[in-house]
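Going by numbering that gives the first Met the number 0, 31 is the number at position 32 of the sequence shown; the sequence numbering is gapless.
Take a look at the structure below.
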Amino acid sequence: MEWVRVEVDTSNEKVRERVHSVFLDMSNVVNIDTSELVGLEEIHKELASLGIQMAIASLGWQAIQKMKLAHVVDRIGEDWIFLTVGEAVEGCLTAHKGSAMEC
Numbered sequence: 000m001e002w003v004r005v006e007v008d009t010s011n012e013k014v015r016e017r018v019h020s021v022f023l024d025m026s027n028v029v030n031i032d033t034s035e036l037v038g039l040e041e042i043h044k045e046l047a048s049l050g051i052q053m054a055i056a057s058l059g060w061q062a063i064q065k066m067k068l069a070h071v072v073d074r075i076g077e078d079w080i081f082l083t084v085g086e087a088v089e090g091c092l093t094a095h096k097g098s099a100m101e102c
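As structure tokens, then:
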């Protein structure tokens, strides 16, 4: 989050335009607990307040189930949870197709 804040706060407008999505590669996460769910929600809220979309990639099925039960998937958006990082990048490119933004 610190890197994102620095990039967004910079006076260089081109950098600000470039940061519009953050991908969390969670391939090593097998399970997730309540505190981690709260942490993900906080990250999502902070990124959203900065106008940045958060995407999650490569999350294990048990963690996804817990996120669904806690309605975290609903808040992030089911369209922003991907099986692989490659699919997340492709989803970003598709979502921003025709805009000046790049993933």
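Every residue gets a Cβ at the ideal spot worked out from N, C-alpha and C, and that includes glycine.
Under 8 angstroms between C-beta atoms of residue i and residue j
i, j, result
"A56", "V84", "yes"
"W79", "A47", "no"
"G59", "V21", "no"
"H19", "I51", "yes"
DSSP beta-bridge partners of residue i
i, result
"A122", "Lying outside 0 to 102, the shown extent of the chain, residue 122 is not represented and no answer is given."
Distance between beta carbons of residue j and residue i, contact taken as under 8 angstroms
i, j, result
"R74", "E40", "6 angstroms"
"M0", "E35", "The Cβ separation is near 15 angstroms, so there is no contact."
Checklist line | Contact between the stretch 66-75 and the stretch 83-96 (3+ Cβ pairs under 8 angstroms) | finding: The answer is no - the stretch 83-96 does not touch the stretch 66-75, with fewer than three Cβ pairs under 8 angstroms.
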